[in-house]
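Comments concern the structure below.
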Amino acid sequence: MPILDVQSLSKSYRQAGGETTVAIGNITCQVEAGEFVSFVGPSGCGKTTLLMSIAGLLAPSSGRVIVNGKEVSGPPANLVLLFQEYNKSLFAWRSVLGNVRFGLAARGARSTGAAAEDKARELIQLVGLKGFENHYPWELSGGMQQRVAIARALAYEPEVLLMDEPFGSLDALTRLELEDTLLRLWAELKTTILFITHDIEEAIYLSDRIWVLSRRPSQIIQELKSDFSRPRHQVTTRADARFMELRNDIYRQIGNQGAP
Amino acid sequence: MNQAKPFNWLGWSSFASLLLFWEFGARATPKFELYFPPVSRIFSALGQAFAAGSITQHALVTLARFAEGFLLAALLAVLAGVILGYFRFLHSLLATMIELLRPMPSVAIIPVAILLLGIGDGMIVSVTVYASLWPILINTIDGVRNIDATLIDTGRTFGLSRWRILWQIILPGASPFIATGLRIGLSIALILVTTAEMIAGSQGLGFFILDEERAMNSANMYAGIVVVALLGYVLNRLFLMIESRAMKWRHGMIARQAA
Chain A
1 MPILDVQSLS
11 KSYRQAGGET
21 TVAIGNITCQ
31 VEAGEFVSFV
41 GPSGCGKTTL
51 LMSIAGLLAP
61 SSGRVIVNGK
71 EVSGPPANLV
81 LLFQEYNKSL
91 FAWRSVLGNV
101 RFGLAARGAR
111 STGAAAEDKA
121 RELIQLVGLK
131 GFENHYPWEL
141 SGGMQQRVAI
151 ARALAYEPEV
161 LLMDEPFGSL
171 DALTRLELED
181 TLLRLWAELK
191 TTILFITHDI
201 EEAIYLSDRI
211 WVLSRRPSQI
221 IQELKSDFSR
231 PRHQVTTRAD
241 ARFMELRNDI
251 YRQIGNQGAP
Chain B
261 MNQAKPFNWL
271 GWSSFASLLL
281 FWEFGARATP
291 KFELYFPPVS
301 RIFSALGQAF
311 AAGSITQHAL
321 VTLARFAEGF
331 LLAALLAVLA
341 GVILGYFRFL
351 HSLLATMIEL
361 LRPMPSVAII
371 PVAILLLGIG
381 DGMIVSVTVY
391 ASLWPILINT
401 IDGVRNIDAT
411 LIDTGRTFGL
421 SRWRILWQII
431 LPGASPFIAT
441 GLRIGLSIAL
451 ILVTTAEMIA
461 GSQGLGFFIL
471 DEERAMNSAN
481 MYAGIVVVAL
491 LGYVLNRLFL
501 MIESRAMKWR
511 HGMIARQAA
């Protein structure tokens, strides 16, 4: 049984003028436990809407989402969505430690006391922020802030982690670093990850499988496997001839759709 | 914000000069003594009033009314503000009323309060609550409405109940606005307590000041004014101290953004 089962999901909006915009056409897909799967598509293809619907933050217009055998009607308990805008999603009034503790508390675990503190510190170390426990988010760089958001999400111990272009607003080098951090955490914690990006190479580098999305209304055009050996390496994996082939293949599919 | 500011010599010496000018000016013109008694006389009147304990008594009464009124207003306004900020429909329902009542000078409500509640503590506290409520309410509503949707969605995706989102995200998220409202509300509460005491008190600093004026004891009247001024200064200072502790994260954030 897949851990995440999206069945004929569609979402349309009624616009101010009374017109209806279809953001998500008809998406059906399954993710197995422990997989790393990415959606890749052009910007403005409704990727965020799709993820918000899967996360139970938006009600779909039709279709349904099943997480671990249970149909989603609100935000499911074993799933968490990580936003692109870390600066808007972190709690500015909590320290790094406080933000991570929030994740523990939200799961219903003890968030105070020595054991909780150890757990939070361990996660902070795991994302590479040891020594910054008592800093406030705004004292950190963008990449570090997104690391805090990742640690906070992991503290919640979700079975499924949804990530909405999490590295989209970071500079290129920070981005590569965070990709490797994420892969390391994923291998260690065995969380299922559903990732959204418009960066084709990022999707190939991170994922087991990739779903290429069309322009709005978004639909899955093709499913591709990205079966490069793990652990992956920013230089050697990307230097693989098949990597470039896959990249070009996806690029053609997205690029062939013409202007929106 | 946290470092001690250097002592403002210029400011304090100009204030001291004013007092000196007052002192010698008053001594040089004895026929204005009723209006401007020398500063030294005001302070000796203050000393005597303190020694007799009468002014302390009045100050405590004023302080108690202020505290009761301000705290009650804070509680009510933050609660109502969060609810009105959160529920769009309720806000639309009440927005016009709020916009019409808010600009009205709150002292205008005193006769109504006397009519309904008589002259006593209840009346004075009620008008204090009424007046200091507005800035706290308006700022709380603004603060809640200013919270980014992503922050609320973060709470939701972490499975927080509405109540916990309110308590753990909306309230702290709106706290900088709430603090601003409280600071304004505090000053207004002091104004209203003193004014209401002048109109309908038999105790309190407002009553004391007006009573001494009517008895032509202008030195005592000024002594009362000095105590009210000190009370205002100390309360404001106290508030800023608490605020800068509670809002440490905010001040650092603003300083960082400004840099």
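Chains A and B, in that order, are what the protein sequence lines are.
Note that the numbering used here gives residue 210 to position 210 of the first sequence, counting from 1, and the numbers run on in steps of one.
Note that the numbering used here gives residue 319 to position 59 of the second sequence, counting from 1, and the numbers run on in steps of one.
Virtual Cβ for every residue (Gly too), placed ideally from N, Cα, C.
Just so it is clear, the structure is predicted and the values come from calculations on it, not from any experiment.
Straight through space, the alpha carbons of I54(A) and T197(A) are spaced by roughly 16 Å. Of all residues in the region 498-518 of chain B, only W509, G512, M513 and R516 place a beta-carbon less than 7 Å from a beta-carbon of chain A. When 7 Å is used as the limit between beta carbons, P75(A) is near these residues of chain B: R416, T417 and G419, in chain order.
In the assembly as shown, G466(B) is a buried residue. Its beta-carbon has 16 or more other beta-carbons within 10 Å. In this structure, P2(A) lies away from L79(A), with their beta-carbon atoms at least 9 Å apart. Any Cβ of chain A closer than 9 Å to the Cβ of G433(B) would place that residue at the interface, and such an atom is present. What G103(A) touches in chain B, judged by beta-carbon distance under 9 Å, is F418, going in chain order. The Cβ of L375(B) sits no closer than 9 Å to any Cβ of chain A.
The three-state secondary structure of G380(B), taken from DSSP, is coil.
In chain order, D413 and T417 make up the part of chain B whose C-beta sits under 8 Å from the C-beta of L81(A). Below 8 Å, enough C-beta pairs join the region 387-398 of chain B and the region 439-454 of chain B to call them touching: three or more. For L9(A), the closest alpha carbon among the candidates S214(A), G128(A), I27(A) and L104(A) is that of I27(A). Taking a beta-carbon distance threshold of 9 Å, E139(A) counts as an interface residue toward chain B. Here the region 154-171 of chain A lies against the region 77-93 of chain A, with 3 or more beta-carbon pairs under 8 Å apart.
At least 9 Å separates the CB of D402(B) from every CB of chain A.
The Cβ of T316(B) sits no closer than 9 Å to any Cβ of chain A.
The closest CA to that of S38(A), considering only W211(A), G98(A) and Y136(A), is found on W211(A). Under DSSP, no beta-bridge partner is assigned to C45(A). Per DSSP, the unbroken alpha helix (DSSP H) holding K508(B) starts and ends at K508 to A518. Legend: CB atoms of the region 429-458 of chain B lying less than 8 Å from CB atoms of chain A belong to residues I429, P432, G433 and S435. For S169(A), not one C-beta of chain B is nearer than 9 Å to its own C-beta. The shortest CA-to-CA distance from I193(A) to any of A153(A), G168(A), P217(A) and D227(A) is the one to A153(A). The CB of Y136(A) comes closer than 8 Å to the CB of W509, G512 and M513 in chain B, given here in chain order. 9 Å or more divides the Cβ of E202(A) from the Cβ of E188(A). One finds D408, T410 and L411 in chain B with Cβ atoms closer than 8 Å to the Cβ of K88(A), taken in chain order.
Chain-ordered listing is empty here: chain B has no CB closer than 8 Å to the CB of W186(A), the nearest sitting near 19 Å. At a cut-off of 9 Å between beta-carbon atoms, F39(A) makes no contact with chain B.
Annotation: the continuous alpha helix (DSSP H) that includes S314(B) extends over S314 to Y346. In terms of Cβ geometry, D402(B) and F437(B) form a close pair [threshold 9 Å]. When the beta-carbon positions are compared, Y86(A) and G18(A) stay at least 9 Å from each other. The beta carbon of R14(A) sits no closer than 9 Å to any beta carbon of chain B. Using a Cβ-Cβ cut-off of 9 Å, G56(A) counts as an interface residue toward chain B, since at least one Cβ of chain B sits closer than that to its own. R110(A) is outside the set of residues whose beta carbon lies under 9 Å from a beta carbon in chain B. Taking 9 Å as the cut-off, the Cβ atoms of L411(B) and S89(A) count as close.
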